[in-house]
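Chains F, W and X supply the protein sequences, listed in that same order.
Using this note's numbering, the first residue of the first sequence is number 1, and each one after it goes up by one.
Using this note's numbering, the first residue of the second sequence is number 1001, and each one after it goes up by one.
Using this note's numbering, the first residue of the third sequence is number 2001, and each one after it goes up by one.
Glycine included, every Cβ here is placed at the ideal spot set by N, Cα and C.
All remarks here apply to the structure that follows.
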Amino acid sequence: MTVGLEHYLVLSAALFSLGLLAVITKKNAVTVLMGIELILNAANINFVAFARFIDTDLDGQIFAIFVIVTAAASAAVALAIVLNLYERLHSINLEEADSLAG
Amino acid sequence: MITNAILILLLPLLAFTIQIFIGKRLPRKGDWVSTGAMFLAFFLAVPILIQALSSYDPNFKITQSWEWINFGAVNVTFGIHIDNLTAIMLIVVTLISSLIHLYSIGYMHDDPRYNRYFAYLSIFSFSMLGLILVDGFFGIYIFWELVGLSSYLLIGFWFEKNSAANAAKKAFITNRIGDVAMFAGILIIFTTLGVFNFEEVFRGIADGQLSGGLLTAAGILIFMGAVGKSAQFPLHVWLPDAMEGPTPVSALIHAATMVAAGVYMVGRTFVIYTADALLVIAYIGTITAFMAATIALVQKDIKRVLAYSTVSQLGFMMVGLGTGGYTAGLFHLITHAFFKALLFLGSGSVIHAVHSQEMDDMGGLRKKMPITFWTFLIGTLAISGVPPFSGFWSKDAILASALEFGMVNPTHMVIFVVTLLAAGMTGFYMLRAVYLTFGGEPRDKKKFDHAHESPLVMTIPLCVLALFAVGTIWWGWLEHLLTKPELSSYASSGVQVLEAGGGHPDVAHTAHKIAMFSSIAIAGLGILLSTLVYHWKKISAEAWGRRLKPIYTLFWNKYYFDELYGATVIAGTLFISKISSLFDMKVIDGFVNAVARITTRFAFGNGRFDIKIIDGMVNLVARVIGFFGAQLRTIQTGRVQNYILMALAAVVILFIIQQF
Amino acid sequence: MSLFDVIFYLFAAFTLASAALMVVSKNIVHSAVGLLFSFFGVAGIYVLLAADFLAVVQVLVYVGGILILLLFGVMLTQRITSVDMRTGTLQLVPAILAVAGIFVILFRVIRTTSWNIVPEAEAQFIPTAEKIGYLLMTDFLIPFEIVSVLLLAALIGAAFIARKGT
């Protein structure tokens, strides 16, 4: 069986699942950010794959570019937040950032 | 004439209203308001009398009535009824009342409640005039009670004195007993006939709608009202005590007018009394006349002598009415009103001068107070039945009527005999009063020196009243105008009704002759005896008093009526009250308290139930919700990763559900 | 199995392995390195998908920008001199279960959907840089501008938030 759309999608799904796992389980805020980046990459793979196999024009790739830009922006803001968090809690352990606990 | 009558009625009411509200601020404390209203009423009453006299018709009658209360089937009317009797009574009441108002200006001049006194006099005048003018039992009952009320107010006018306050209460309560009976009588009439109006009631009785025992009972019950108001035996005890009021009040209310209201009422409703009822009236009158006269013999207080003489004279009137002497009874009512007012005002003048009511403190006042003496003497002669004074004519008519009745019914001759004796005693005790007060030597020098003739406002009424006490001119036309009403004249059909008595011309003639001579003789005898005892001192009153000790004591203590009532009625009432009070406290209160306690218990249990079960259920709901809330809040960890995990789990679960 | 397929599997395996390393590793620096390789793998996948420009951007932005940023974050927040550069894990078992569930779901969706694939597209390969540049300046001009503003805002915002003493 030749590599087709579904292969890319499965790859993307696997990558997404790994990123999700990192987001859910990691205590370290920076690691969680890494997981988010992984998830975004998975999404990008989907965009590009659909652009290649279904639409055949470059809209998907342009979307991917926007996603990358947004990811960069979000990474910058998120890191700023993490730094601020560290400033306040002297830790970036997310377990301790639970002041919204009911 | 109706307008006049209404004005006569409303003027004193207006005066009362003015006096009670702004009397204190008026010049002279407003005595001129009441007095003026009374004089005006008198002048308004004169045309009514003139019309009655000029028509000279026994059936002269002006009536007008208005619908008052309409219950559908029952229609109560309220109206004015003027006939000869009313016209004469109007003059009597307004004239005497006016004179007494005038007299009171002098007598009460330094009383602190001057204006209130005149207000009370006005309300009394209003009530009395209403009593005379109304045309039905309903109206007469209303004014009857108003008269009782104003009498109560005036007897207790000096309520600071315990005796006055008690006398007022006694008068009111004693009257009430008679009034209750009267009310019952009126109810009998109303329930059987359904009307209050005199004329309609008479017509109904004449038509035989109410007769026999029930009619007798109704008559006696209504008469009981007169017994109370006119101080007849056995309800006479209040009147002597009523002398605690100011003397002009005694003259107006308790001598001339109000006590005569009972007699007037009996005269007004004369046709409803059956022969039996009239007999009761006659005997009650006889007993009263005799008993009161005997008590008057020994009294030392001048006002009490007059009070008992009033009671006695009212007894005479009742005898007159009861024995069928309708004209005689009412005639005596009119003459008595004048001379008794005169006597009371005279005594008031004396009391005003010496500041004492005890005859022991008086004596020899003839020279000091000539006007008072002469007018008082005229009154005395009138009441004693000396011709040609007015009392002679009226009393003679009563005695004649009693004698006639006795001659027709020999078993009842005793009425005449006893009444005659009482008439003799009248002469005796009245002369005694004159001698003790005016004659002889002064017994209390200090008081005598202080005494002086009363001012003009007091002596003028005396003179006017003395004028009326002379009155030989009375009898003829009065007999014509005040003809005894016959029940049959009211009958709508030709139903014949049994007559109570009378209708024996030859017997009447004989009776009149005998009565006249015997009455002159007995009056003369009484006066002679009195003169012997108190003027010439031939007979010692003290010696006879000692010799007849038991009788004297009996008279002195007024037949122990007060004690009897005290021991029976009052003690009994108190006993019943005490029992009632005990019953109230133990049984009623106990029951109430038990109910309260049960309620409290129940409420307590209820409260328990409320707190434990209802609140418990509510709290349980709250606690269950709280429990789940507490459980659920643990989900809210505040950790983003938990939330994400839960969202994922939810997605998975939803997908699984969607798949299957 | 063609050469193309082999290359795909190699890249896919490489990417997933690196990602797995990033997830599993307890040392945060190791994680970062795993992420780095993973990004490279994704860039290779882009090449296979005929997105040459995108692959370059992936390497430039992610590897050269974002990853460096993350590493700075690590350096600034962890006491680098201390021994403990590790990061703990939490709720591991339920997370694995849930993520596995998600993967199964995605897998099923991918397998059961009938994709409307354009047949002839596979053969063509046209360089994309010029076309993308053209598109960004024409059809996607407004999003392009908005994204540039977004970047500026994120830059200022990040600087503001990260400032000390706020």
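Item	Value
Just mark W:D1589 as buried or exposed, buried being the case when its beta carbon has 16 or more other beta carbons within 10 Å.	exposed
Residues in its own chain within less than 8 Å of W:I1351 by CB, not counting five upstream and five downstream?	T1247, I1302, K1303, Q1357
Return the CA-CA distance between W:S1125 and W:L1131, expressed in angstroms with no decimal places.	10 Å
Whose Cβ in chain W lies nearer than 8 Å to the Cβ of F:E37?	Ordered by position in chain W, no residue passes the 8 Å Cβ test against F:E37, which lies about 16 Å from the chain.
Distance check for W:Y1435 and W:K1368, CA to CA, integer angstroms please.	14 Å
How long is the line joining the alpha carbons of W:N1059 and W:R1203, rounded to whole angstroms?	15 Å
Between the stretch 2047-2055 of chain X and the stretch 58-69 of chain F, do at least 3 Cβ pairs fall closer than 8 Å?	yes
Going by C-alpha distance, which of F:L5, F:N93, F:A73 is nearest X:L2048?	F:L5
Excluding sequence positions up to five away, which residues of its chain have a Cβ less than 8 Å from the Cβ of F:S37?	In the sequence as presented, Ser is not what sits at residue 37 of chain F; that position holds Glu. Excluding sequence neighbours, F:E37 sits near G19, A71, A75.
Figure out for me which residue from W:A1251, W:P1442, W:M1646, W:A1242 has the closest Cα to the Cα of W:G1156.	W:A1242
With a threshold of 9 Å between beta carbons, is F:E6 in contact with chain X?	yes
Which residues, in chain order, does the stretch 1611-1639 of chain W contribute to contact with chain F at a C-beta distance below 7 Å?	R1633, Q1636, T1637, G1638, R1639
Does DSSP classify W:E1067 as helix, strand or coil?	strand
How is the alpha helix (DSSP H) around W:V1408 delimited, first residue to last?	1390-1408
Look up W:G1494 in the DSSP assignment and say whether it is helix, strand or coil.	In this prediction, W:G1494 has a pLDDT of 40, which is less than 50 and means its spatial position is unreliable; what the coordinates show is noted afterwards. Here W:G1494 sits in coil by DSSP.
Using CA coordinates, which residue listed in W:I1123, W:F1389, W:P1240 is at the minimum distance from W:A1164?	W:P1240
Starting from F:I39, follow the alpha helix (DSSP H) in both directions and report where the run begins and ends.	29-50
Grab me the residues of X:I2045's own chain with a C-beta within less than 6 Å of its C-beta, minus the 5 sequence neighbours each way, in chain order.	F2011
Since W:H1081 sits in a beta bridge, which residues does DSSP pair it with?	W:T1063
Between W:V1249 and the ligand HEM, is the CB less than 8 Å from at least one heavy atom?	Of the ligands one can find in the structure shown there are none, so the ligand HEM has no counterpart to examine.
Check whether the Cβ of F:S17 lies closer than 9 Å to any Cβ atom in chain X.	yes
Which residues in chain F have a C-beta closer than 7 Å to the C-beta of W:I1644? List them in chain order.	V23, I24
Does the beta carbon of W:L1655 sit closer than 9 Å to a beta carbon anywhere in chain X?	The sequence given here places Phe at residue 1655 of chain W; Leu does not occur at that position. It does: the Cβ of W:F1655 has a partner Cβ on chain X nearer than 9 Å.
Would W:F1316 pass as a contact of W:A1433 if the rule is Cβ separation under 9 Å?	no
Pull the bridge partners of W:D941 from the DSSP assignment, please.	With chain W covering 1001 to 1660 only, the question about residue 941 of chain W has no answer from this structure.
Which residues does DSSP pair with F:K26 in a beta bridge?	X:T2089
In terms of residue numbering, what span does the alpha helix (DSSP H) encompassing W:E1200 cover?	1198-1206
Along the chain, which unbroken stretches of the alpha helix (DSSP H) at least 4 residues long are found entirely within the stretch 1260-1337 of chain W?	1275-1298, 1302-1322
Could you give the DSSP three-state label for W:G1502: helix, strand or coil?	Bear in mind that the predicted position of W:G1502 carries a pLDDT of just 48, short of 50, making it too unreliable to give a figure here.
DSSP beta-bridge partners for W:V1134?	W:I1080
By Cβ distance below 6 Å, which residues in the same chain neighbour W:S1309 in space, the five residues on each side in sequence not counted?	A1296
Quick check: is the beta carbon of W:Q1659 nearer than 9 Å to any beta carbon in chain F?	no
Check the Cβ-Cβ distances between W:A1603 and every residue of chain X, and say whether any is below 9 Å.	no
Can you give me the Cβ contacts of W:F1339 inside the same chain, cut-off strictly under 7 Å, excluding the 5 residues immediately before and after it?	G1379, A1382, I1383, S1390, G1391, A1469
With 9 Å as the threshold, decide whether the Cβ of X:I2161 is near any Cβ in chain W.	no
For W:V1259 and W:A1231, which I take to be in contact (beta-carbon distance under 8 Å), what is that distance rounded to the nearest angstrom?	6 Å
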